[in-house]
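In the numbering used here, the protein residues as written are 219 to 386. One structure is given here, and the rest of the page talks about it.
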(Lines of atoms letter the chains of each structure in order from A and count residues from 1; the text may use other names and numbers.)
(Lines give C-alpha, C1' and ligand atoms only; values in the text may rest on other atoms or scores of the structure.)
Protein backbone atom coordinates (compact mmCIF):
# COMPACT_ATOMS: atom_id res chain seq x y z
CA UNK A 1 0.00 0.00 0.00
CA UNK A 2 2.83 2.40 0.84
CA UNK A 3 4.33 1.86 -2.61
CA UNK A 4 0.98 2.70 -4.24
CA UNK A 5 0.66 5.88 -2.19
CA UNK A 6 4.20 6.88 -3.18
CA UNK A 7 3.31 6.38 -6.85
CA UNK A 8 0.08 8.38 -6.38
CA UNK A 9 1.97 11.24 -4.71
CA UNK A 10 4.56 11.25 -7.48
CA UNK A 11 1.89 11.47 -10.20
CA UNK A 12 0.07 14.21 -8.29
CA UNK A 13 3.31 16.12 -7.72
CA UNK A 14 4.41 15.84 -11.35
CA UNK A 15 1.06 17.19 -12.57
CA UNK A 16 1.28 20.04 -10.06
CA UNK A 17 4.87 20.77 -11.11
CA UNK A 18 3.63 21.26 -14.66
CA UNK A 19 1.20 23.90 -13.38
CA UNK A 20 3.83 25.55 -11.16
CA UNK A 21 6.20 25.82 -14.13
CA UNK A 22 3.39 27.29 -16.22
CA UNK A 23 3.17 30.01 -13.54
CA UNK A 24 6.91 30.73 -13.71
CA UNK A 25 8.20 28.59 -10.84
CA UNK A 26 11.12 26.23 -11.12
CA UNK A 27 9.92 22.99 -9.53
CA UNK A 28 11.20 19.46 -8.97
CA UNK A 29 9.95 16.22 -7.45
CA UNK A 30 12.02 14.17 -5.01
CA UNK A 31 10.93 10.75 -3.81
CA UNK A 32 12.20 11.30 -0.27
CA UNK A 33 12.77 14.17 2.14
CA UNK A 34 16.44 13.17 2.26
CA UNK A 35 16.74 13.64 -1.53
CA UNK A 36 14.99 17.02 -1.31
CA UNK A 37 17.28 18.11 1.53
CA UNK A 38 20.39 17.12 -0.42
CA UNK A 39 19.16 19.04 -3.49
CA UNK A 40 18.39 22.11 -1.35
CA UNK A 41 21.86 22.05 0.18
CA UNK A 42 23.46 21.82 -3.29
CA UNK A 43 21.64 25.02 -4.28
CA UNK A 44 23.02 27.07 -1.38
CA UNK A 45 26.36 28.68 -2.29
CA UNK A 46 28.97 28.40 0.44
CA UNK A 47 29.09 31.47 2.63
CA UNK A 48 25.68 32.82 1.59
CA UNK A 49 23.16 34.07 4.14
CA UNK A 50 20.28 31.66 4.81
CA UNK A 51 17.08 32.34 6.76
CA UNK A 52 13.74 30.58 7.06
CA UNK A 53 10.21 30.90 8.33
CA UNK A 54 8.67 28.75 11.03
CA UNK A 55 8.43 25.69 8.84
CA UNK A 56 7.92 22.31 10.49
CA UNK A 57 8.53 20.77 7.05
CA UNK A 58 12.07 22.07 6.64
CA UNK A 59 12.88 21.40 10.29
CA UNK A 60 11.50 17.85 10.25
CA UNK A 61 13.46 16.97 7.09
CA UNK A 62 16.66 18.03 8.86
CA UNK A 63 17.35 20.98 6.57
CA UNK A 64 17.67 23.64 9.27
CA UNK A 65 20.05 21.43 11.26
CA UNK A 66 22.14 20.78 8.12
CA UNK A 67 22.31 24.50 7.34
CA UNK A 68 23.51 25.20 10.88
CA UNK A 69 26.19 22.53 10.47
CA UNK A 70 27.34 23.82 7.08
CA UNK A 71 29.35 26.79 5.87
CA UNK A 72 26.54 29.35 5.65
CA UNK A 73 25.66 32.52 7.55
CA UNK A 74 22.47 31.55 9.36
CA UNK A 75 19.68 33.85 10.51
CA UNK A 76 17.62 31.69 12.87
CA UNK A 77 14.77 33.52 14.55
CA UNK A 78 14.28 30.53 16.89
CA UNK A 79 17.54 31.46 18.66
CA UNK A 80 16.15 34.85 19.72
CA UNK A 81 16.09 35.50 23.45
CA UNK A 82 13.41 38.20 23.38
CA UNK A 83 10.38 39.05 21.23
CA UNK A 84 12.23 42.17 20.05
CA UNK A 85 15.25 40.14 18.95
CA UNK A 86 12.95 37.68 17.18
CA UNK A 87 11.27 40.53 15.27
CA UNK A 88 14.69 41.88 14.29
CA UNK A 89 15.75 38.44 13.01
CA UNK A 90 12.51 38.30 10.99
CA UNK A 91 13.51 41.60 9.37
CA UNK A 92 17.09 40.42 8.74
CA UNK A 93 15.70 37.30 7.07
CA UNK A 94 14.15 39.53 4.41
CA UNK A 95 17.68 40.60 3.41
CA UNK A 96 19.05 37.05 3.20
CA UNK A 97 20.56 35.55 0.07
CA UNK A 98 18.33 32.48 0.42
CA UNK A 99 15.06 32.08 2.29
CA UNK A 100 13.76 28.58 3.02
CA UNK A 101 10.09 27.96 3.59
CA UNK A 102 7.19 25.66 3.03
CA UNK A 103 3.60 26.42 2.10
CA UNK A 104 0.46 25.57 4.03
CA UNK A 105 -0.91 24.05 0.83
CA UNK A 106 -0.49 23.98 -2.94
CA UNK A 107 -3.34 23.59 -5.35
CA UNK A 108 -2.99 21.15 -8.22
CA UNK A 109 -3.51 24.30 -10.31
CA UNK A 110 -0.09 25.52 -9.13
CA UNK A 111 -1.18 28.08 -6.54
CA UNK A 112 0.80 28.38 -3.29
CA UNK A 113 -1.41 29.05 -0.26
CA UNK A 114 -0.04 30.49 2.97
CA UNK A 115 -1.63 31.96 6.07
CA UNK A 116 0.98 33.62 8.28
CA UNK A 117 0.93 34.68 11.89
CA UNK A 118 3.49 37.47 11.49
CA UNK A 119 3.70 37.79 7.72
CA UNK A 120 7.45 37.15 7.58
CA UNK A 121 7.11 34.16 5.28
CA UNK A 122 4.72 35.89 2.93
CA UNK A 123 6.89 39.00 2.86
CA UNK A 124 9.92 36.88 1.99
CA UNK A 125 8.05 35.03 -0.73
CA UNK A 126 6.90 38.28 -2.36
CA UNK A 127 9.91 40.54 -1.83
CA UNK A 128 13.26 40.64 -0.11
CA UNK A 129 15.54 37.62 -0.24
CA UNK A 130 17.52 37.08 -3.44
CA UNK A 131 16.26 33.49 -3.72
CA UNK A 132 13.31 31.72 -2.10
CA UNK A 133 13.18 27.95 -1.88
CA UNK A 134 9.76 26.46 -1.10
CA UNK A 135 9.80 22.82 0.04
CA UNK A 136 6.50 20.97 0.35
CA UNK A 137 5.43 17.39 0.69
CA UNK A 138 3.00 16.00 -1.85
CA UNK A 139 0.55 15.59 1.03
CA UNK A 140 0.02 19.36 0.93
CA UNK A 141 -1.27 19.27 -2.65
CA UNK A 142 -5.01 19.91 -2.86
CA UNK A 143 -7.26 19.55 -5.93
CA UNK A 144 -8.28 23.22 -6.17
CA UNK A 145 -7.29 26.61 -4.80
CA UNK A 146 -10.44 26.55 -2.66
CA UNK A 147 -9.51 23.21 -1.05
CA UNK A 148 -5.93 24.45 -0.59
CA UNK A 149 -7.25 27.50 1.28
CA UNK A 150 -9.41 25.16 3.36
CA UNK A 151 -6.34 23.07 4.23
CA UNK A 152 -4.43 26.21 5.19
CA UNK A 153 -7.27 27.48 7.40
CA UNK A 154 -8.46 24.21 8.93
CA UNK A 155 -5.31 22.08 9.15
CA UNK A 156 -2.15 24.17 8.98
CA UNK A 157 -3.29 27.32 10.82
CA UNK A 158 -4.66 25.49 13.91
CA UNK A 159 -1.50 23.34 14.09
CA UNK A 160 0.69 26.45 13.82
CA UNK A 161 -1.37 28.27 16.45
CA UNK A 162 -0.75 25.37 18.83
CA UNK A 163 2.94 25.22 17.92
CA UNK A 164 3.54 28.96 18.38
CA UNK A 165 1.03 29.61 21.17
CA UNK A 166 -1.15 31.89 19.06
CA UNK A 167 -4.71 32.07 17.87
CA UNK A 168 -6.19 31.28 14.48
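Backbone N, C-alpha and C define an ideal beta-carbon position, used for all residues, glycine too.
Given residue i, which residues of its chain have a CB within under 6 Å of its CB, disregarding the five upstream and five downstream residues?
i, result
"residue 264", "289"
Using CA atoms only, rank isn't needed, just tell me which of the options is closest to residue i.
i, options, result
"residue 367", "351, 328, 243 and 348", "328"
"residue 259", "239, 283, 273 and 236", "283"
"residue 277", "370, 352, 336 and 310", "352"
"residue 250", "360, 241 and 220", "220"
"residue 318", "232, 295, 380 and 237", "295"
"residue 280", "302, 267, 255 and 293", "255"
"residue 323", "285, 267, 273 and 316", "273"
Any idea if residue i is buried or exposed, counting beta-carbon neighbours within 10 angstroms, 16 or more meaning buried?
i, result
"residue 271", "buried"
"residue 357", "exposed"
"residue 362", "exposed"
"residue 308", "buried"
"residue 339", "buried"
"residue 297", "exposed"
"residue 372", "exposed"
Residue i lies in the beta strand (DSSP E); which residues open and close that run?
i, result
"residue 409", "No answer is possible for residue 409: it lies beyond the span of the chain, which begins at 219 and ends at 386."
"residue 318", "316-319"
Locate the alpha helix (DSSP H) running through residue i, then write down its first and last residues.
i, result
"residue 292", "Careful: residue 292 lies outside any alpha helix (DSSP H), inside the beta strand (DSSP E) at 291-293."
"residue 329", "Premise fails: residue 329 is in no alpha helix (DSSP H) and is neither H nor E."
"residue 256", "251-261"
"residue 323", "No alpha helix (DSSP H) contains residue 323, which is instead part of the beta strand (DSSP E) from 323-325."
"residue 312", "Premise fails: residue 312 is in no alpha helix (DSSP H) and is neither H nor E."
Assuming residue i and residue j form a contact by the criterion Cβ under 8 Å, report the distance between their Cβ atoms to the nearest whole angstrom.
i, j, result
"residue 315", "residue 285", "Actually they do not touch by this definition, with Cβ atoms about 12 Å apart."
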